[in-house]
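**Q**
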Amino acid sequence: MRNFLRQMLALAGFGAVGDIMRHRSFRIYLVGHIPNVVGTWVVRIAIGWLICPTSPPGASGRKATPPSKQRSPTCEPREQTMNKPITLAKLNHWIDGATAEPSDAIYLDNVNPMTGGPGPSVAAGSRADVDAAVAAAKRSADGWRRFNAAERGRLMMGLAAKMRENRETLAEMERADTGKPMPMAYAEVDGSIAYFEFYGSLVYLPKGDVLDVAPDQHVFTKREPYGIVGVITPWNLPLNQAARAIAPALVAGNVIVAKPSEITSQTTIEMARLATEVGFPNGVINIVLGT
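In this text, residue positions in the sequence shown follow numbering that gives the first Met the number 0: the first is 0, and each later residue adds one.
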């Protein structure tokens with residue numbers, strides 16, 4: 000075997016490598032290392048065959064696995080499972096606590112970066128859609144700013160918990176939109192959840208000060224919400240960037256009109272839907288899609 004490898008290397012122009020193979024230390028390396036490599040691959044192949052047997056029913060006397068005991072989800076080829084992201088067929092705006100079709104009935108075509116195939120059609124927002132979102136935010140602004148801090152904190156924590164329950168779905172959506180590997184998608188979802196947990200714990204932090212301006216006089220300052228906060232997020236970290244901007248604005252008593260990137264809108268829409276599901280008042284979080 001050693002002579003054969005040396006001759007092949009010499010024919011290929013690697014005579015110096017052939018000389019190295021004559022060295023005693025290299026012969027020891029061959030004797031010690033090749034069995035380890037071969038053994039490792041034999042174990043890998045055996046484990047793979049035990050987990051996902053590919054032999055046809057009856058081959059080599061092996062009985063076919065009953066359908067009730069087949070492990071098809073685990074044994075699907077990688078290229079098949081990787082091409083099955085969770086993708087919504089059509090994305091509409093989220094206004095006043097409900098899905099809202101574009102006023103002009105125009106949708107933008109999108110591409111799934113994982114497969115190269117079509118992605119979800121995205122509502123093309125217009126001035127009328129923005130006006131509707133702003134109007135909904137205005138209607139909810141006074142009520143939201145009057146929520147006591149504990150109640151706002153409870154809703155923030157509730158949204159974080161609901162997002163954690165839907166972690167898999169959010170990560171799959173993020174993967175379908177951005178083409179990221181699942182570990183990166185999970186990390187983004189987890190970071191987004193952490194924003195709502197962190198700012199939800201700071202509901203009592205915004206407070207005013209009392210200033211002594213004279214021996215018998217004092218003034219106080221009071222921090223109040225701005226009202227409507229506009230949020231525009233990029234394509235590369237859609238859920239994370241949305242959570243980072245929306246969470247502190249909400250805890251301070253503001254309401255939101257957000258516009259995610261038209262090519263990565265799924266998770267922002269899903270976050271707003273989950274917020275309504277856990278009890279956020281209608282109109283507190285509004286999402287307008289488009290360019």
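C-beta: ideal position from N, C-alpha, C; glycine also.
(1) What distance in whole Å lies between the Cβ atoms of N285 and I94, which are believed to be in contact at a cut-off of 8 Å?
(2) Pull up the distance between the alpha-carbon of Q240 and that of H217, whole angstroms please.
(3) Between which two residues does the beta strand (DSSP E) harbouring W93 extend?
(4) What residues are listed by DSSP as bridge partners for Q216?
(5) Roughly how many whole angstroms lie between the Cα atoms of M162 and D189?
(6) Can you tell me whether I268 is buried or exposed? The criterion is at least 16 other CB atoms within 10 Å of its CB, across all chains shown.
(7) Can you tell me the Cα-Cα spacing of V283 and G199, whole angstroms?
(8) Could you compute how far the alpha carbon of Y194 sits from the alpha carbon of A274?
(9) Is the segment 105-114 touching the segment 142-157, taking contact as three or more C-beta pairs under 8 Å?
(10) Here's the rule: buried if 16 or more other CB atoms are within 10 angstroms of the residue's CB, otherwise exposed. What is K89?
(11) For E276, count neighbouring C-beta atoms within 10 Å of its own C-beta (all shown protein chains included) and say buried if the count is 16 or more, exposed if not.
(12) Check for me: the alpha helix (DSSP H) holding V129 runs from which residue to which?
(13) Using 8 Å as the threshold, is the segment 258-265 in touch with the segment 226-243, meaning 3 or more CB pairs across them?
(14) Which residues in the same chain as L201 place their Cβ atom closer than 7 Å to its Cβ, once the five residues preceding and following it in sequence are excluded?
(15) If contacts are defined as beta-carbon pairs under 8 Å, then L169 and T266 qualify, I think. What distance do you get, rounded to the angstrom?
(16) Restricting to Cα atoms, I'd like to know which of R166, M156 and G207 is closest to A246.
(17) Among the candidates A122, E100 and A127, whose CA atom is the shortest distance from the CA of N109?
**A** Taking the structure as given:
(1) 5 Å
(2) 41 Å
(3) H92 to I94
(4) A213
(5) 9 Å
(6) buried
(7) 16 Å
(8) 14 Å
(9) no
(10) exposed
(11) exposed
(12) R126 to R144
(13) yes
(14) V250
(15) 5 Å
(16) M156
(17) A122
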